[in-house]
Structures are given as structure tokens and as C-alpha cells.
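Novice:
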Amino acid sequence: MEKQLVPRLQVDNLFIHGVGPVSLDIEKGECVGLSGPSGSGKSLLLRAIADMEPHGGTICLDGTEQALIPAPAWRRQVGLLPSESRWWSDTVGDHFAMSAASGLNRLGFDAGIMTWPVSRLSSGERQRLALLRLLENQPHLLLLDEPTANLDEETSAKVEALIRAYREETDAAVVWVGHQRAQLNRVASRFFAMESGRMISRGGVP
Amino acid sequence: MTSETIFLTPTDLSLAALLVIALALVSRRMGLGLAGQTIVAAFRTTFQLCLVGLVLKVVFASINPLLIASMALVMLVAAAREVVARQKRRFVGWWGFGMGAGSMFVSSFAITTFALAAIIGVDPWYTPQYAIPLLGMMLGNTMTGISLGLDRLTESAWERRSTIEGRLMLGHTWSEAIGEIRRTSVRSAMIPTINSMAAAGLVSLPGMMTGQILAGNPPLEAVKYQILIMFIISAGTGFGALIAVWTGARRLFDERHRLRLDRLKTAGQ
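Protein chains in written order, with my numbering: chain A, 5 to 210; chain B, 134 to 402.
(1) Check whether the Cβ atoms of residue 287/B and residue 397/B sit closer than 7 Å, and answer yes or no.
(2) Relative to the alpha-carbon of residue 86/A, which residue among 138/B, 299/B and 208/B has its alpha-carbon at the smallest distance?
(3) Comparing alpha-carbon positions, which option in 370/B, 389/B, 285/B and 362/B lies nearest residue 253/B?
(4) Under 9 Å between beta-carbons, which chain A residues line up against residue 391/B? List them in chain order, please.
(5) Can you name the start and end residues of the beta strand (DSSP E) that residue 223/B belongs to?
(6) My guess is that residue 134/A and residue 89/A are in contact by the Cβ rule of under 8 Å, so how many angstroms apart are they, rounded?
(7) Quick one: what's got a C-beta closer than 6 Å to residue 280/B's C-beta in the same chain, skipping five residues either side?
(8) Are residue 232/B and residue 380/B touching if we call contact CB-CB under 7 Å?
(9) Secondary structure at residue 184/A, three-state DSSP: helix, strand or coil?
(10) Residue range of the beta strand (DSSP E) that residue 62/A falls in?
(11) Please confirm whether residue 302/B has its beta-carbon closer than 7 Å to some beta-carbon of chain A.
(12) Who are the neighbours of residue 138/A on chain B, taking C-beta pairs under 9 Å?
(13) Apart from the five residues just before and just after residue 204/A, which ones in its own chain have a Cβ nearer than 8 Å to its Cβ?
(14) What residue range does the alpha helix (DSSP H) around residue 328/B cover?
(15) Got a sec: is the Cβ-Cβ distance from residue 299/B to anything in chain A below 7 Å?
(16) Answer with yes or no whether the minimum CB distance from residue 92/A to chain B is below 7 Å.
(17) Any beta-carbon of chain A closer than 7 Å to the one on residue 306/B?
(18) My output table needs one value for residue 284/B: the three-state DSSP class, helix, strand or coil.
(19) Alpha helix (DSSP H) containing residue 399/B: first to last residue?
(20) Kindly indicate if chain A contains any beta-carbon less than 7 Å away from that of residue 318/B.
(21) Of all Cβ atoms in chain A, is any one closer than 7 Å to the Cβ of residue 295/B?
(22) Starting from residue 197/A and walking both ways along the beta strand (DSSP E), at which residues does that stretch end?
(23) For residue 21/A and residue 284/B, I'd like the C-alpha separation in whole angstroms.
(24) Classify residue 183/A: buried if its beta carbon has 16 or more other beta carbons within 10 angstroms, exposed otherwise.
(25) Using the C-alpha atoms, what's the distance from residue 378/B back to residue 149/B?
(26) Select from 301/B, 226/B and 266/B the residue whose C-alpha is nearest the C-alpha of residue 392/B.
(27) Out of 70/A, 168/A and 77/A, state which residue places its alpha-carbon closest to the alpha-carbon of residue 191/A.
(28) Under a three-way DSSP split, which group does residue 356/B fall into?
(29) Who are the neighbours of residue 79/A on chain B, taking C-beta pairs under 9 Å?
(30) Which residue's Cα is closest to the Cα of residue 129/A: 117/A, 139/A and 140/A?
(31) Rounded to whole angstroms, what's the CA-CA distance from residue 240/B to residue 272/B? Just pull it up for me.
(32) Would residue 386/B and residue 291/B be called neighbours here (beta carbons separated by less than 7 Å)?
(33) Who are the near neighbours of residue 153/B in its chain, counting only those whose CB is closer than 6 Å to its CB and skipping five residues on each side?
(34) At which residues does the alpha helix (DSSP H) containing residue 345/B begin and terminate?
(35) For residue 84/A, go through chain B and note every residue whose CB falls closer than 8 Å to its CB, in chain order.
(36) Classify residue 270/B: buried if its beta carbon has 16 or more other beta carbons within 10 angstroms, exposed otherwise.
What follows is the structure, encoded as C-alpha cells:
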């Protein structure tokens with residue numbers, strides 16, 4: 005019974021490089037929209053939740069504190085998608101543990117893309133593949149930093165649909181950083197804004 | 134000894150110095166801007182080598198372990214400072230110095246001691262005529278290897294920070310995220326030594342061997358020593374670079390597998 009009541013993510017008094025204090029709870033299956041001008045600390049906040057930067061305060065995932073989980077395991081459960089995708093090997097397939105066949109179709113790829121050199125991909129294709137690569141880890145929480153910034157409308161809609169489907173299938177929670185109000189309104193149910201390092205709740209208004 | 138060593142007189146050296154002065158004059162006429170530097174460097178080499186000669190004379194005269202140990206320590210500190218000086222991005226605090234000094238101490242000292250005691254079999258093993266030149270050659274070469282390796286490591290980590298972090302974000306460990314960079318860094322530290330082993334004797338006669346031959350030793354004896362030196366230098370450089378690069382790579386990450394480039398500072402800042 006009690007297990008059900010634990011939020012997916014609990015952030016308490018988070019401090020990082022002049023950003024904070026930030027406190028925030030996100031429920032299972034919930035998608036929260038986060039907006040704000042660049043430099044207001046949105047990306048830094050996501051990095052702290054993913055434990056990519058030293059920070060103060062406590063962060064719990066499904067009731068377990070960050071420090072109690074080894075960092076690599078934490079980051080597989082807390083999937084951070086940076087605004088620019090990162091590739092370290094020549095071939096697309098090198099970046100995937102298994103073939104992400106199910107998601108490939110949904111985002112308009114066929115399996116052959118795995119043999120492609122990364123340099124042949126457009127930035128939009130890279131962004132979509134980076135999302136699939138992230139979902140391979142089956143994260144419980146998705147931190148998406150402007151996930152559709154490089155995409156046209158049609159592909160954006162596909163990405164939105166894939167994330168919604170993943171959220172519904174796995175009950176994962178999502179923090180969606182974006183600038184377009186219309187999009188945030190479509191994907192999220194609760195909204196926050198960052199302003200010079202402080203987080204302001206906007207309730208149901210994107 | 135088959136032939137007598139010819140001792141050089143101050144007049145002989147002055148004749149050689151004339152060549153340097155001639156070079157300085159020519160470079161001044163051509164406006165190369167190197168005349169002053171050449172003369173200063175020539176004075177420095179004269180002064181420093183004379184000083185070392187005097188120190189060695191004292192150290193060699195008495196087989197005093199304490200004296201030899203302090204000389205070795207001075208050499209180690211100088212080499213470690215040189216390692217730090219050659220880095221573009223240095224580890225903050227004592228780490229930069231400590232990493233160089235530590236890895237050179239472990240590799241150079243251990244291997245030199247092994248060579249003295251077990252291979253050459255000189256008694257006592259710290260006899261300065263053997264120990265000091267051997268250690269000097271070891272330190273000089275491992276120093277180059279370690280600074281190449283560390284420089285490559287920190288520079289690559291800086292350039293590729295975003296992909297390193299990209300891997301960490303996907304749940305890779307620090308070791309997986311830096312593995313390729315770590316390997317190429319050790320490789321670039323070892324390649325000059327391996328190349329010089331491969332080219333030895335064909336392109337140039339190694340300095341130590343040349344010295345022994347000039348001093349009247351039979352060439353084959355000089356060659357045996359040179360082979361020994363080549364082997365211990367490559368082992369020392371390889372193990373030293375491995376230790377330094379592995380420690381350095383670990384230091385680039387904290388216990389939460391975060392890339393900590395704030396532990397580096399750029400030279401001159």
C-alpha cells in the first residue's frame with residue numbers, strides 16, 4: 005500500500021552553482037513541463053538530478069536516496085537526454101547495446117540505420133536516435149532537455165507520441181524542458197518556470 | 134683498457150666554443166633573434182655541467198648512502214617539476230606534481246635498483262658511479278614519456294568532455310567513458326621509446342654507448358650496456374606512463390563517476 009504513495013522523484017532543497025533551493029515531487033507516470041530563459045538553470049537542474057554535477061540537498065527516486073545507489077545505476081534509471089546528442093564511435097550501432105528495433109519503426113527508421121556512420125545523420129536523426137538509445141536503459145525517470153529542438157513538426161509529433169507511449173507503458177515520470185507553450189501544453193500536466201536560478205510553480209499554466 | 138683516454142684541455146673546449154660564437158654571429162646577421170639565447174644557453178650548459186661534475190666528484194669520492202639518496206631525491210624533484218611544466222592542462226594542487234613524482238619514483242627507482250642489484254651486480258648496489266648515471270638516464274626518459282602521456286590524457290579529456298559525459302549519462306562507468314582516451318595516451322607515451330629501440334644503431338649511436346667508446350671501452354662491451362639501458366628505459370617509461378595515466382584518469386572523475394574538469398587548470402592561469 006505504502007509503496008504506491010512514494011513519488012517517482014523527490015527533490016528536496018537542491019542547491020547547485022547558484023541555482024536553488026529547488027524542491028519538487030513528481031508522481032509516477034506524470035510529465036512536468038519546465039521553461040525559462042537560457043541561463044536560468046534548467047539544464048543545471050537536470051544535470052544535478054542525473055548526478056552529473058556535485059550538488060547539495062537530497063534527491064530520491066522511488067523513495068531511495070541518490071547516494072545509496074551507485075552512480076552508473078542511478079543514471080540508467082534517471083535518463084538524461086542532453087539538448088545536443090553525443091556520439092563517441094563511428095557507427096550508429098556501436099552506441100546501442102541491442103538493436104532498438106521496436107522504437108526504430110515508430111520514429112521512422114529501418115533497422116539498416118544501425119550500420120550507418122554517425123557522420124551521415126542529420127542533427128534531427130541524431131536526436132531521435134539518442135532518445136531510443138536512452139530508452140534502451142528502461143529509465144524510471146526521463147529528463148528531456150529540449151528533445152525536439154532540431155526537429156520538424158511531423159517528427160516532433162512522433163517523438164511526443166513515443167515518449168507518451170513509453171510513459172504509459174512503464175509509468176515513468178518525465179521532466180520536459182521546452183520553450184514552445186503549445187507543445188508543453190500537449191505533453192505535460194503541470195508546469196514550472198526557472199528564473200535566475202529559482203523555480204516557480206505555474207500550476208496548470210504552461 | 135685498450136687505448137688511452139685523451140683528456141680535454143680548456144683550450145680544446147674554447148675551440149669548440151668558437152663554433153657556438155660563430156653560429157651566434159651568423160644568426161645575428163640574419164636577424165633570427167636567437168643570438169642572445171644561444172650564448173645564454175651555452176653559458177648555462179657550461180655552468181650546470183661543471184656544477185654537476187663537482188657534485189659528482191664529491192658523491193663518487195665517498196660511498197655515502199645518505200648523500201646518494203639526497204642526490205637521487207633532487208633529481209626526482211627536478212624531473213617531476215619538469216613533467217608539470219610540460220602540461221598544458223595541469224592537475225590542481227599537489228596532484229600534478231605528485232602524480233609525476235610518484236609514478237617516476239615507482240618505475241624509475243624500482244627498475245634502476247633491480248638493474249643495479251640483480252643485473253649489473255655492483256657491490257654495494259648503490260655505488261654512485263653506476264647508480265647516479267643510470268638513474269639519470271631512467272628519469273630523463275620516463276619524464277618524457279610520462280609528460281607525453283599525461284598531456285595527451287588531459288587534453289583529450291578536455292576536447293572530448295561532451296562525449297565522455299554523454300556516456301556517463303547513459304550509465305557507463307568512468308572507466309568505460311575514458312577507456313579509449315586512456316589507451317591512446319599510454320600509447321603516445323610509449324611510442325617514442327619503442328621507436329628509438331627499433332632505430333638504435335641504424336640512425337644514430339646512442340649517447341651512452343658513444344661515451345663509453347670515446348672513453349676507450351671495447352665497442353661490444355659498450356653495446357651490452359646500451360642494450361641493458363634500452364631495455365630498462367622502455368620498461369621504466371612504459372610502467373611509469375601506465376601508472377601516471379591510470380592515476381590521472383581516475384583523478385578526472387570523482388566517486389560518483391562525474392567528470393571533474395575543475396580539477397584541471399590551464400597553464401599560465
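Beta carbons are placed, not taken as given, at the ideal position from N, Cα and C, and that holds for glycine.
Specialist: To lay it out plainly:
(1) yes
(2) 299/B
(3) 362/B
(4) 55, 56, 57, 58 and 75
(5) 222-224
(6) 4 Å
(7) 216 and 219
(8) yes
(9) coil
(10) 60-65
(11) yes
(12) 302 and 303
(13) 196, 197 and 198
(14) 307-332
(15) yes
(16) yes
(17) yes
(18) helix
(19) Where residue 399/B is concerned, there is no enclosing alpha helix (DSSP H), although the beta strand (DSSP E) it sits in stretches over 397-399.
(20) no
(21) yes
(22) 194-199
(23) 29 Å
(24) exposed
(25) 42 Å
(26) 301/B
(27) 168/A
(28) helix
(29) 301, 302, 303, 304, 305 and 390
(30) 117/A
(31) 9 Å
(32) no
(33) 175
(34) 340-347
(35) 302
(36) buried
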